[in-house]
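These notes concern the structure reproduced below.
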Amino acid sequence: MVFLTKVSLRNYKSIAACQVELGDLTFLVGPNGSGKSNFLDAIHFVADSLNTTLDHALRDRGTIKEVRRRSGGHPNHFAIRLEFQLPTGGRGHFSFRIGAKQNGGFEVQSEECRLIGTNGMLGEASYHVRGGQLVKTTATVVPPVLTDRLFLVAVSGLPEFRPAYDALSRMAFYNLSPEKIRAMQKPDAGDLLDRDGGNSASVFAKLSPKAQSEINGYLSRIVPGLAGADPKTLGSQETLEFRQQVKGSKNPWRFLAGSMSDGTLRAFGVLLALFQTLERNGHAPKFVGLEEPEVALHPAAAGVLLDGLRQASAWTQVAVTSHSPDLLDHPNIPAESILAVESIDGVTQLGQLDEAGRTVLAQKLFTPGELLRVNQLSPDRQALANLLDQRQPNLFDFES
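So the sequence shown is numbered by this note's numbering: it starts at 20 and just counts up by one.
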């Protein structure tokens with residue numbers, strides 16, 4: 020299922036410029052330090068800014084000085100544009116440009132949201148903010164504009180903009196920690212898995228039997244002899260209990276999460292992040308970003324993990340960072356699913372595969388994993404050069 024159709028960035032961390040289309044499952048592939056995580060973090064920044072505040076999202080990343088790209092040109096702003104199609108119908112985009120001020124301050128220089136055919140409407144709902152002023156809107160009653168807040172938060176109470184706010188703010192991103200999954204956990208509502216997996220017991224307990232069965236099925240294939248997991252309450256705390264087949268024993272032995280390996284717990288967390296949206300209502304995230312889900316897994320398990328990623332992408336859009344050839348060793352991974360990432364002189368080059376890579380994969384001469392092993396997964400340099408030549412990319416429809 021595709022939610023985000025296109026992502027455009029300018030001056031975000033190491034990314035000077037990029038404009039890429041996303042499918043239901045996207046692999047960001049490149050060496051360590053190339054900027055894969057920066058691309059996912061730009062999308063995460065949007066969700067953070069809507070769920071909290073711009074100030075919180077920037078401080079969580081070390082203030083605007085750490086977010087806007089550092090270069091000889093000294094850019095004093097960064098910009099993000101997300102184009103999407105909503106589960107409720109219709110399509111739209113949300114874009115904004117944040118500028119730096121003296122003494123570490125910041126301001127929203129421009130912001131725009133445009134929705135077409137959403138929420139049962141045949142027409143358009145839109146607004147454009149520039150320099151702290153509302154210069155265009157279809158809304159009849161609107162709240163005041165604040166230069167340190169995104170205007171979409173303010174208009175989220177209006178029915179025409181609510182679907183966009185809900186979908187964008189509920190995107191989920193994961194860098195799972197086995198230590199957090201292993202630790203005893205305080206019970207919570209279990210509506211959405213925490214970024215590090217620290218509430219995994221509550222989330223797993225709230226899943227449908229089908230979702231739990233899918234997770235346990237994949238887990239038993241990834242970890243031989245493991246029969247599955249169950250939520251476990253111990254006093255006022257929660258944890259997970261794993262069932263392990265032991266030779267000579269009629270029934271599986273049971274081990275608490277504190278006794279399990281990092282690889283097992285990380286695999287469980289990845290599967291939980293993917294399948295938490297199965298058979299859930301409209302509050303489930305429509306986009307899930309995963310940082311290197313193959314870490315700590317045996318190479319032989321990578322193919323099983325890939326199966327899980329592909330299955331989950333049928334109901335939620337998935338994007339993963341990876342530098343693992345084993346995860347990409349499948350002849351039916353289309354070239355369109357891969358974004359090649361590399362760093363040249365500290366600047367991230369990110370885009371669709373070059374013509375040679377696309378041709379080889381289309382003809383099924385090699386798998387993406389085989390190309391990665393020989394360092395032959397490269398972005399289309401001509402397309403990147405053309406994009407970088409556009410000094411003022413059109414991220415705003417209503418801005419000349």
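C-beta: ideal position from N, C-alpha, C; glycine also.
How would you write the range of the alpha helix (DSSP H) that residue i sits in, first residue to last?
i: K383; result: K383 -> no alpha helix (DSSP H), and no H or E assigned at all.
i: G282; result: 281-294
i: E298; result: First-last for E298: undefined, no H or E at that position.
i: E311; result: No alpha helix (DSSP H) contains E311, which DSSP labels as neither H nor E.
i: L73; result: 73-78
i: K84; result: 83-86
i: Q401; result: 400-408
Near residue i, which residues of its chain fall below 7 Å by C-beta distance, leaving aside the five closest residues on each side in sequence?
i: T166; result: E126, V127, G151
i: N218; result: Q204, D207, G209, L212
i: T24; result: E40, L41, E102, F103, Q104
i: G327; result: Y237, L290, L293
i: S129; result: F115, R116, V148, R149, F415, E418
i: F385; result: V379
The beta strand (DSSP E) spanning residue i covers which residue range?
i: Q38; result: 34-40
i: A249; result: Strictly speaking, residue 249 in this sequence is Asp, with Ala absent from that position. Here the beta strand (DSSP E) through D249 covers 245-253.
i: N30; result: 23-31
i: I62; result: Careful: I62 lies outside any beta strand (DSSP E), inside the alpha helix (DSSP H) at 55-70.
i: Q256; result: 256-263
i: R273; result: 272-275
i: L316; result: Taken as a continuous stretch (DSSP letters only), L316 belongs to no beta strand (DSSP E), as it is neither H nor E.
i: T156; result: 152-156
i: T45; result: 44-48
Is the beta carbon of residue i less than 8 Å from the beta carbon of residue j?
i: A292; j: Y184; result: no
i: V154; j: V160; result: no
i: G54; j: S33; result: yes
i: F415; j: E143; result: no
i: T283; j: V242; result: yes
i: P318; j: D345; result: yes
i: A338; j: L59; result: yes
i: E361; j: S341; result: no
i: L316; j: I357; result: no
i: A61; j: I99; result: yes
i: P228; j: A246; result: no
i: G123; j: K84; result: yes
i: I135; j: G109; result: yes
So, at 8 Å on beta carbons, what are the nonlocal neighbours of residue i in its own chain, with the 5 sequence-adjacent residues on each side left out?
i: E257; result: M203, Q204, K205, P206, A220, S221, A224, P250, K251
i: L407; result: A35, A36
i: V164; result: V148, G151, Q152, L153, F170, A173
i: K120; result: E126
How close, in whole Å, do the beta carbons of residue i and residue j come, if the pair is a contact with beta carbons under 8 Å?
i: D364; j: P398; result: Contact flag wrong, Cβ pair sits at about 15 Å.
i: F287; j: A248; result: 6 Å
i: L347; j: L275; result: No, L347 and L275 are not in contact; Cβ-Cβ is about 34 Å, not under 8 Å.
i: V86; j: L77; result: 6 Å
i: K305; j: F46; result: Going by Cβ atoms, the distance from K305 to F46 rounds to 19 Å, so no, they are not a contact pair.
i: A354; j: G388; result: The Cβ separation is near 13 Å, so there is no contact.
i: E260; j: R240; result: With 8 Å as the limit, E260 and R240 do not qualify as a contact, their Cβ atoms being about 19 Å apart.
Given residue i, which residues of its chain have a CB within under 6 Å of its CB, disregarding the five upstream and five downstream residues?
i: K442; result: Lying before the first or after the last residue shown, residue 442 is absent from the chain, which here runs from 20 to 419.
i: A303; result: T296
i: N30; result: R87, R88, P94, F97
i: C309; result: A small fix is needed here, since residue 309 is Leu in this sequence, not Cys. Excluding residues within five positions, the ones whose Cβ falls inside 6 Å are Y193, V339.
Give the list of continuous beta strand (DSSP E) stretches no shorter than 3 residues that lie fully inside the region 97-149. 110-119, 125-135, 143-149
Give, in chain order, every unbroken run of the beta strand (DSSP E) that is at least 3 residues long and sits entirely within the region 171-229. 191-193
Length at least 3, wholly inside the region 324-377: the beta strand (DSSP E) runs in chain order: 336-341, 357-363, 366-371
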